[in-house]
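So the protein sequences, as listed, match chains A and B.
Each residue of the first sequence is one higher than the last, beginning at 1 in the UniProt record's numbering.
Each residue of the second sequence is one higher than the last, beginning at 1 in the UniProt record's numbering.
The beta carbon of each residue, even a glycine, is placed where N, CA and C say it ideally should be.
Worksheet: the structure to be examined is printed underneath.
There are 2 protein chains.
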Amino acid sequence: MRVLGIDPGLTRCGVGVVDVAPDRSAVLVDVVVLRSPADLATPGRLARISDGLEAIVEEHRPHAVALERVFARSDVSTIMGTAQISGVAMLIAERRALPVALHTPSEVKAAITGYGRADKKQVGAMVARILGLDAVPKPADAADALALAICHAWRTGGVAGAAVADAAAGRGAAPAGGLTPAQRAWLAAERAASVSGAARRLKE
Amino acid sequence: MRVLGIDPGLTRCGVGVVDVAPDRSAVLVDVVVLRSPADLATPGRLARISDGLEAIVEEHRPHAVALERVFARSDVSTIMGTAQISGVAMLIAERRALPVALHTPSEVKAAITGYGRADKKQVGAMVARILGLDAVPKPADAADALALAICHAWRTGGVAGAAVADAAAGRGAAPAGGLTPAQRAWLAAERAASVSGAARRLKE
Chain A
1 MRVLGIDPGL TRCGVGVVDV APDRSAVLVD VVVLRSPADL ATPGRLARIS
51 DGLEAIVEEH RPHAVALERV FARSDVSTIM GTAQISGVAM LIAERRALPV
101 ALHTPSEVKA AITGYGRADK KQVGAMVARI LGLDAVPKPA DAADALALAI
151 CHAWRTGGVA GAAVADAAAG RGAAPAGGLT PAQRAWLAAE RAASVSGAAR
201 RLKE
Chain B
1 MRVLGIDPGL TRCGVGVVDV APDRSAVLVD VVVLRSPADL ATPGRLARIS
51 DGLEAIVEEH RPHAVALERV FARSDVSTIM GTAQISGVAM LIAERRALPV
101 ALHTPSEVKA AITGYGRADK KQVGAMVARI LGLDAVPKPA DAADALALAI
151 CHAWRTGGVA GAAVADAAAG RGAAPAGGLT PAQRAWLAAE RAASVSGAAR
201 RLKE
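Rendered as structure tokens:
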């Protein structure tokens, strides 16, 4: 499945696209950090980032969108920009009938490194290793977006329509019955891989 | 000038349209509260509200959009929905080249009632009086959206292109030189009305 991961932000918005196979292997498709100048008014900044996100969706046609779930932080103005971009990103996905999933930073860290409190450096190093890259994607927003996309594919078992629980919507976390042959193959591969410990993390 | 006021929210989004004349008199054009069901996932809720906002913009063709400036409140999930809707609303305005202005709740209260800590009842009563309505618009989100629209027209002196300071963008609050005849007429009327005390509030 192809997942678009978005680390939302008004100044820097990390965007990563990965293809993840049933055996959990992942390939980098694209990674970019969209930016908007701080001296532009907020509506113009939102439009810049929105244009960039739409272009990437059109170019790469992902099966699902994974966004960082935003929590309150110390800097209120940062939260606002982040929440505004996440709203714009969700709307772009909804208009194309793409499933959207939200993952917390600790969920992403746990999925990628096995440790929910991993630092940015550890996440970046694991992302590079998973994707077979020579260098860690920079800036951190780029690595975070890729980590989100990989995390999403791994947590959903690669079933594009099965968005991980949006807690606000009260959705279930697991794909329901009536799986397609491809989905069954994915789940079988998932179970076979459970000795690696990665599958255990899926059940956290 | 015709102003669209938006009190952003995911569950209830107040929307008010008013026409404000150079003599500061205001006429109700439309008022509605857009809603989205809490059991829908966030992207779908954003799309519902976005559809409603776009329909109102298309129908009434406002000259400017006034939004409530969102601050951190106790309930983080409410802030997120509010910020997401405000992002979507700003983008809708930007796509149509409409100026967007943000006003804080206390700026709106001060402009409408002369008192920055007025309660919702006082704001509603003044909105009804300004617009010559028999009853206070309900729910409070509707009255708040109308108050925002009136506040914006009054604070900008009715000059559609002169958005009140978006603090983040560092814009100036007052219209610059090179006024059109209509703008000069507005300012003259504004000065003539200063005995009422309303113009003093404009200079706060």
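Whose C-beta lies closer than 7 Å to the C-beta of residue 69 of chain B among residues of the same chain, with five residues either side of it excluded? Within the second sequence, residue 69 of chain B is the residue found at index 69, counting from 1. Excluding residues within five positions, the ones whose Cβ falls inside 7 Å are 102, 103, 104.
Identify every residue that forms a DSSP beta bridge with residue 30 of chain A. On the first sequence, residue 30 of chain A is found 30 positions in, with the first residue counted as 1. Note: residue 30 of chain A sits in a beta bridge opposite A:17.
Please report how far the alpha carbon of residue 176 of chain B lies from the alpha carbon of residue 155 of chain B, in whole angstroms. Walking along the second sequence from the start, residue 176 of chain B turns up at place 176. Walking along the second sequence from the start, residue 155 of chain B turns up at place 155. Note that residue 176 of chain B has pLDDT 35, beneath the 50 cutoff, so the model's placement of it is unreliable and the number below is only indicative. For residue 176 of chain B and residue 155 of chain B, the distance between alpha carbons rounds to 14 Å.
Per-residue contacts from residue 46 of chain B into chain A (C-beta, under 8 Å): Position 46 of the second sequence, counted from the start, is the residue given in the question as residue 46 of chain B. Result: 87, 90, 91, 94.
Measuring only between beta-carbons, confirm whether residue 100 of chain A sits less than 8 Å from chain B. Indexing the first sequence from 1 puts residue 100 of chain A at position 100. Answer yes: the Cβ-Cβ gap between residue 100 of chain A and chain B drops below 8 Å somewhere.
May I ask which residues mark the beginning and end of the alpha helix (DSSP H) holding residue 48 of chain A? On the first sequence, position 48 is the one that residue 48 of chain A refers to. Start and end: 42 to 60.
Are the C-beta of residue 62 of chain A and some C-beta of chain B separated by less than 8 Å? In the first sequence, counting from the first residue as 1, residue 62 of chain A sits at position 62. It does not; no Cβ of chain B falls within 8 Å.
Residue 83 of chain B: contacting residues in chain A (beta-carbon distance under 9 Å): Here residue 83 of chain B refers to the residue found at position 83 of the second sequence. Those within 9 Å of residue 83 of chain B in chain A are 70, 79, 80, 81, 82, 83, 84, 86, 87.
Can you find at least 3 beta carbon pairs, one from the segment 9 to 22 of chain B and one from the segment 38 to 54 of chain A, that sit closer than 8 Å? no
Using the Cα positions of residue 157 of chain B and residue 22 of chain B, report the straight-line distance between them to the nearest angstrom. Your numbering for residue 157 of chain B matches position 157 in the second sequence. Your numbering for residue 22 of chain B matches position 22 in the second sequence. The alpha-carbon atoms of residue 157 of chain B and residue 22 of chain B are separated by roughly 8 Å.
At 8 Å on the CB atoms, spell out the chain A contacts of residue 43 of chain B, in chain order. Position 43 of the second sequence, counting from 1, holds the residue named residue 43 of chain B. Correct list: 90, 91, 93, 94, 100.
Answer with yes or no whether the minimum CB distance from residue 36 of chain A to chain B is below 8 Å. Your numbering for residue 36 of chain A matches position 36 in the first sequence. Cβ-Cβ to chain B under 8 Å: no for residue 36 of chain A.
May I ask you to verify whether the segment 81 to 90 of chain A touches the segment 115 to 135 of chain A, counting CB pairs closer than 8 Å and requiring at least 3? no
Coarse secondary structure for residue 152 of chain A, derived from DSSP in three states: Start at 1 with the first residue of the first sequence, and residue 152 of chain A comes out as number 152. Helix at residue 152 of chain A.
So which residues of chain A does residue 50 of chain B contact, with C-beta pairs closer than 8 Å? Here residue 50 of chain B corresponds to residue number 50 of the second sequence, with the count starting at 1. Per Cβ cutoff of 8 Å: 91.
Secondary structure of residue 119 of chain A, DSSP reduced to three states: Residue numbering aside, residue 119 of chain A sits at position 119 when the first sequence is read from its first letter. Coil, per DSSP.
Just grab the DSSP bridge partners of residue 103 of chain B for me. Looking up residue 103 of chain B in the second sequence gives position 103. According to DSSP, residue 103 of chain B bridges with B:68.
Residue of B:45, B:63, B:111, B:95 minimising C-alpha distance to residue 82 of chain B: By 1-based counting over the second sequence, the position of residue 82 of chain B is 82. Minimum Cα distance to residue 82 of chain B is reached at B:45.
Use the C-beta contact count for residue 109 of chain B: other C-beta atoms within 10 angstroms, 16 or more gives buried, fewer gives exposed. Counted from its first residue, the second sequence places residue 109 of chain B at position 109. So residue 109 of chain B ends up on the buried side.
Can you confirm whether residue 9 of chain B, when its beta carbon is compared against all beta carbons of chain A, has any partner nearer than 8 Å? Numbered from 1 along the second sequence, position 9 holds the residue referred to as residue 9 of chain B. By this cut-off, residue 9 of chain B is not an interface position.
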